[in-house]
C-alpha cells in the first residue's frame, strides 16, 4: 500500500550521497524523502489543508482512538468499522488465530487466545451524540495478521486477511463475534502492499475486491486443492454465496440459502483482468466499475470480462489479442494512488456529481476528475486538486461517501511515503497515528460541523420493508446502497411486489435503478423475468443495460432459465440492436457469460454450451456496423471466441453471411477469427478459415483483413491447410488491390508454394522496382530456407544495393545462417554506412562461428574497433560461452557494464559539456549514428525505445544520468531480453509479443524477430535496460556535441545563452505539458516488494543490473527472488535470519542464470556448514536441505550466501525457504 514509485531525481540524489545499496539500510531521498517536520496535531493538520471555496474539512477521529487504519466500512447504524494494520508490512511471527490451512467453510467457535498474537484488529467508531466526531471506540476482534479489507454484511463482517476471506458473525448484535468461518481461501501474501483489498458490495450483490499484480492468489473453497483455484493476480475479483458447491468452470446457481443451519458455499471469479496494484474501486449510477491503480496509468473503467494492460505478467486468457487501455491521458506530479469514490452523495454541488475522487499518497492530496462517456466506454480528465494537505504526513488510503453524504478520507498518517524507509530505520516506524477526515460542504442551510449521519438513532435493520424501499429515493447513495443490502438479506415475501412497483415508477431515476438491482438479487419467484422484460424496453439506457446484464448474470442458473429458453434469444436480440453502445456492450458481455460461463477465462469444462443463437450476434454487429468502438469490438469477440473454436463451421458460415454488411465493425472480428483458428495449429481449422476467405468475393477490405489475420496466426508456427490452396492464392496474387496481393503472396510463400517464391525472387532482382517494394518482397521470404532464397540474399549482400535493402538482406542472412555469408558480412561490417555496419556487426555477433570470424577481423584491422556498437559489445561481454567472452576481451578490451565510479563519470562528462561551445551539426551526426538506432526524434529514427520528444531531456543532469546510466530506471517493457534458439542463434531486444505460440523481439535498428516457442532454447530477462551502458566512453567533444543536440536541437529553436543556462540549472523550458498518451511508465527497483518477498529473511544485496528484484516466475517456479553478489567481486549477496532452532530442517530452492553459475554457502554463526555450486544444468531448480539438528534449541544467525564464481552472470534465484 505505501508503495514507492521512484523517479530519476531519487536515484541522482542517492548516487550523489553514496548510499549503501543494502536493502536493510536503504533510505529514500530526493522526491520521496520522508517528511522532516513533526507530525502536526489534528487541529494543525486541518488548518494546513486547502479545499475549494464552500468546503471545509473536519476530523471525525484521530489517534489514539484510531491507529494505522488501512480499511473502513459502515454498518446499518452508520457506525464506522476500521481495520487497524499494525503488522504491515512483514506480518507477525506469532501464531495467527485466524490463519493456517482452512479445511472447511463451516462456522467455528471463536478461539481461546493464549500468549502473544498478531496485533491487527477491527474497531468500531461511534459518534454517539451525532456531533460529527467519534466519541466511542469498541474493539470487535483482535489477532488478525495482515488484514487488508473489510465489509459489513450477513449479520457480521467480512475480512480479507491472507490467505482467507473470513466472515465473523455477530447474530445478536452485541459487538462481539459469535463465531467465524472461512468462506474462501488461497489469497497470496507474496507482496504485502498488493494484498486483496477494497471490498464493496456491487449492484449485482457480489462482493467485489481488488488485487495487486505481484501477489499470486489461487482463490478456492476451503479444502479444495490449490490447482483447482482461480488465478487472481491483478484486477477486480468478485465472490458470492451459492446454494451448492462450486467447481471451476461449473458455477452454481446464484441463489442465497434460506437456512442459517448450513451456511452456503461461495464462488469466485475474476471480473476484469489487468492493471497494476489497484487499491480502490467504486461504481457509478449506471453500475459501471472504476478503479485507481499505481505505477501505470492511474484510472481505469473496468468492464465485465475486460482484459487490460498490466504492470507485469500476462493475462490468463491469451486469445483476446489485445489489452484494453486506461481512460486517462494525464498524470499527476507524484503518484501513488489509493482509494476512489464516484461521488453520488447528493450533498455537494451538482458540478461534482459523478466525478471521481482519488487519493494520492505521495502527493498528499485528493484529486477530482471528470468522467465522460465515449462510445461504449469512458474518458477521464482532471478537474482540480479537491483537497491538498500541504503536509507530508497526510497519506490517504481510502476515499468513500459516508452516511452524511460527504466524502470521508481515511488517513494512514505517516512521515514515510514508502515503507522501505521504515525498514532502513526501524526505530522511526510510526504505529501510533491515524485519522479519519470528513470533507463537508457549507451552504445557506448547513453550517460546518454537521452530524455524521442523518439521524442519531439511525438503524436501517429496524425499518420496515416499505421504509427500506422508500430509502431507494434518498439523494445519498450511501443510504440507498445500505437499504438495498439490508433488504436483500431480509427474508420478506412482500419485498418483490414493492420493488416491482418502484421499478415502474417514473419519478426518481436512481430509485428505479436501485429497485432493479435489488430484484436481480432476489430468490427467483417469477418476478425477475417479467421485470427484466419491462426494463429491456425502457427509455432509460442504463435500465436497458441492466436488463442485459442480469440475463448474463443468470446464464448458469437453471432455475432462472426454466421457461425462458425461448424468450432469452429474442430478449437479447432486441438489446443487441439497441441504439446505445453501452447497452450493446452489456449485451455482448451477457453473451460471453452464456458462451464461456466465465467473464475472463473459458469456464465451460465438459458442460459445452448449446448456444446457437446467431441472430443476437447479427443484431449486435449490425447496430455497430458503422462504428470502430474498441471496447464493444473487444467484448463481442470475447463472446464469439469460445464458440468459434468449438464449432468453427457453424460460426464461420454465420460470419460469412454477416460480416460483409457490418463493416467496418466486423473487420476486427474477422481478423481475430482468422488469427484464432490459425492459433489452434489445427490444419482442418486453417482449411475452414481459408474457405471463409474464398467466400469473400467482392469484399476487398474484408478479404484483406482476413488474410492478414491468417498471416498473424502463422507467426509462431506455420500450419498449412490440408487441401491444396495454390489456385486461390495464385488468383489473389494477381489482385488489383495491393494489400490482398501482398497478403496472398505471403501466405503462398509461408505454405511452400515454389512458384510464388520464384515470382518474388524475380521481383527482388528487378532493380527497376522501388527499394520499398524490394524490401517488402525480401521480408515476405524471411521464413523460407531454400537454396534459391539463400543465393538471392547472398547476391544482395555483394551487389552494393541501397542501404536499407542491404540492411534487410543482412538480417535475412542472420535468419538463414550458414558460413557462406561470413565473407560478405565481414566486408559490410567495415562499411562507411552506419546502418549497414551496425546490422552486419549485430548479425555476426549472433552465431558463434561468425563471432569468432568478426573478432579475428577486428584484430587484423579489417574492421575498426572504434565506435563498436555498445549493445553488441555488451552481448559479447556477457555471452554464455566463455570462449566468446575471452575472445571479445582480448580484442575489444574490458567491458564495464555497471560502473562503481558512475558518479565520477557523470561529473566528468558534465564538466565536458560545460567546456567550450557545442557543435550541434556534429552532435546530430553522432546522435543519428547512435541514438536514432532505437529512438524517434523529430520525425526520424526507430520506435524501439521511447520517443525522445519530452522524454528525460528536461535538463542537463537528467539527460546525463539517462545516457550514462540507463539502468537506473527501466521502463516497463523496455528490459533487454536474450533469446537463444535451438539452432544456435542468439538474439536480443525487448519483448513486444509473448504468446503461447511465439515470442517477438524488437531490437536496435528496429529489427523485429518472431520466434516460434518450439524453436526457443532459452529466453532470459537481463534485468537491464535495452539501452546499454558505454555512451559515457565517447570522446568528450563528441559527447558534448551530442548531448547539447539532444537538449536543444535546432528544430526547437536556437540555443541561446539564456536557454543553455536554464538547461544547466534544471529549469523547465516548456510550458505545462498538455495531456498526452503515455505508452510507458518508468519504474525502478521496487525495494518494498523485495523486502516483502520473505519478511523473515533480511536481504543484503547491491543495486546491480536491476537486481534485487522479485520475479513472478522463473523456470516454472513462482514468487522468486533474484540477487547478485556485490561488485567488489568478494562480498556475497545474502539472506539472513536470527532464529531459535525449534525446527531442524531448513529447505529451499535455488537456481542460476541460463548463462552462468554461482556458489552457495550456508553459514551458521559465521561457520560454513554447506557449500554447493549452483549451475545451469538440469534440474534447473536445485532442492537444498540443511540439517540444523546440532543447533537445536539454540539461538543462531543463519546466512544463505550467494558468492561469485568467475564473475559471469552470477545471478542467484531463490524460492520457498521453509523450516520444518
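Residue numbers (full-length UniProt numbering): 1 to 1220.
Where a beta carbon is used, it is the ideal one built from N, C-alpha and C, also for glycine.
Q. Pairing CB atoms from the segment 546-556 with CB atoms from the segment 580-594, are three or more of them under 8 Å?
A. Touching, yes, given that three or more Cβ pairs across the two stretches are closer than 8 Å.
Q | Those runs of the beta strand (DSSP E) which lie wholly inside the segment 596-641 and span at least 3 residues | A | none
Q: Whole angstroms is fine: what's the gap from residue 305's alpha carbon to residue 291's?
A: Residue 305 and residue 291: Cα-Cα distance of roughly 15 Å.
Q: To the nearest angstrom, report how far apart residue 1238 and residue 94 are at their CA atoms.
A: Outside the modelled stretch of the chain, which goes from 1 to 1220, sits residue 1238, for which no answer is possible.
Q: Enumerate in chain order the residues of its own chain whose CB-to-CB distance from residue 807 is below 8 Å, with the five nearest sequence positions on each side excluded.
A: 835, 836, 839 and 1005
Q: Have a look at the DSSP bridge pairing and note the partners of residue 1111.
A: 1120
Q.
Can you tell me whether residue 976 is helix, strand or coil according to DSSP?
A. strand
Q: With a floor of 3 residues, list each beta strand (DSSP E) that falls wholly inside the segment 306-343, ordered by position along the chain.
A: 307-310 and 337-342
Q) Between residue 1229 and residue 572, which are expected to be in contact by the criterion C-beta below 8 Å, what is the C-beta distance as a whole number of angstroms? A) The shown model of the chain, from 1 to 1220, leaves out residue 1229, and the question about it has no answer.
Q. What residue range is occupied by the uninterrupted alpha helix (DSSP H) comprising residue 1000?
A. Segment 998-1002 is the beta strand (DSSP E) holding residue 1000; no alpha helix (DSSP H) there.
(Q) Please report the straight-line C-alpha distance between residue 477 and residue 400, rounded to a whole angstrom. (A) Each residue's alpha carbon lies about 11 Å from the other.
**Q.** Within 7 Å, strictly: CB atoms of residue 1012 and residue 717
**A.** yes
Q: Please name the residue or residues paired with residue 358 in a DSSP beta bridge.
A: 340 and 367
Q) Taking DSSP as the reference, what is the three-state secondary structure of residue 581? A) If DSSP states are grouped into helix, strand and coil, residue 581 belongs with the helices.
Q. Of all the options 692, 122 and 143, which has the alpha carbon lying nearest to the alpha carbon of residue 114?
A. Per the Cα distances, 143.
Q: Give me whichever residues DSSP pairs with residue 940 in a beta bridge.
A: Looking at the DSSP assignment, residue 940 forms a beta bridge with 937.
**Q.** Sequence-distant residues of the same chain with beta carbon closer than 8 Å to residue 395, five excluded per side
**A.** 2, 361, 364, 411, 412, 413, 414 and 417
Q: Per DSSP, which residues does residue 380 bridge with? Please list them.
A: 328 and 371
Q) Does DSSP put residue 1184 in a helix, in a strand, or in coil? A) strand
(Q) Taking the alpha carbon of residue 1127 as the reference point, which residue from 1110, 1207, 963 and 1189 has its own alpha carbon closest? (A) 1207
**Q.** Contiguous alpha helix (DSSP H) assignments of at least 4 residues, all confined to the segment 705-762
**A.** 726-733 and 738-750
Q. Over what stretch of residues does the alpha helix (DSSP H) that includes residue 838 continue unbroken?
A. Taken as a continuous stretch (DSSP letters only), the alpha helix (DSSP H) holding residue 838 covers 834-844.
Q) Leaving out the 5 sequence neighbours to the left and right, which residues in its chain are closer than 8 Å to residue 67 when beta-carbon positions are compared? A) 84, 86, 431, 432, 433 and 434
Q: Alpha carbon to alpha carbon, how far is residue 1170 from residue 178? Give it in angstroms, no decimals.
A: 51 Å
Q | From 202, 843, 1125 and 1027, residue whose alpha carbon lies closest to that of residue 1159 | A | 1125
Q) Would residue 915 be called buried (16 or more neighbouring beta carbons within 10 Å of its own) or exposed? A) The residue is exposed, with fewer than 16 neighbouring Cβ atoms inside 10 Å.
Q. Around the C-beta of residue 1210, are 16 or more other C-beta atoms found within 10 angstroms, so that it is buried, or is it exposed?
A. buried
Q.
residue 187 and residue 162 - do their beta-carbons sit closer together than 7 Å?
A. yes
Q: Identify whether residue 50 lies in helix, strand or coil by the three-state DSSP scheme.
A: strand
**Q.** residue 1104 classed as buried or exposed, judged by whether at least 16 other C-beta atoms fall within 10 angstroms
**A.** buried
**Q.** Spatial distance of residue 470 from residue 537 (CA atoms)
**A.** The alpha-carbon atoms of residue 470 and residue 537 are separated by roughly 24 Å.
Q. Roughly how many whole angstroms lie between the Cα atoms of residue 893 and residue 69?
A. Taking the straight line joining both Cα atoms gives about 57 Å.
Q. Which partner residues does residue 994 have in the DSSP bridge list?
A. 999
Q) If you compare alpha carbons, which of 486, 778 and 529 is closest to residue 465? A) Among 486, 778 and 529, the Cα nearest to that of residue 465 is on 486.
Q | Terminal residues of the beta strand (DSSP E) in which residue 675 lies | A | No beta strand (DSSP E) contains residue 675, which is instead part of the alpha helix (DSSP H) from 665-679.
Q. Does the segment 750-770 come within contact of the segment 780-800, defined as at least 3 CB pairs closer than 8 Å?
A. Taking 8 Å as the limit for Cβ pairs, the verdict is that the segment 780-800 does touch the segment 750-770.
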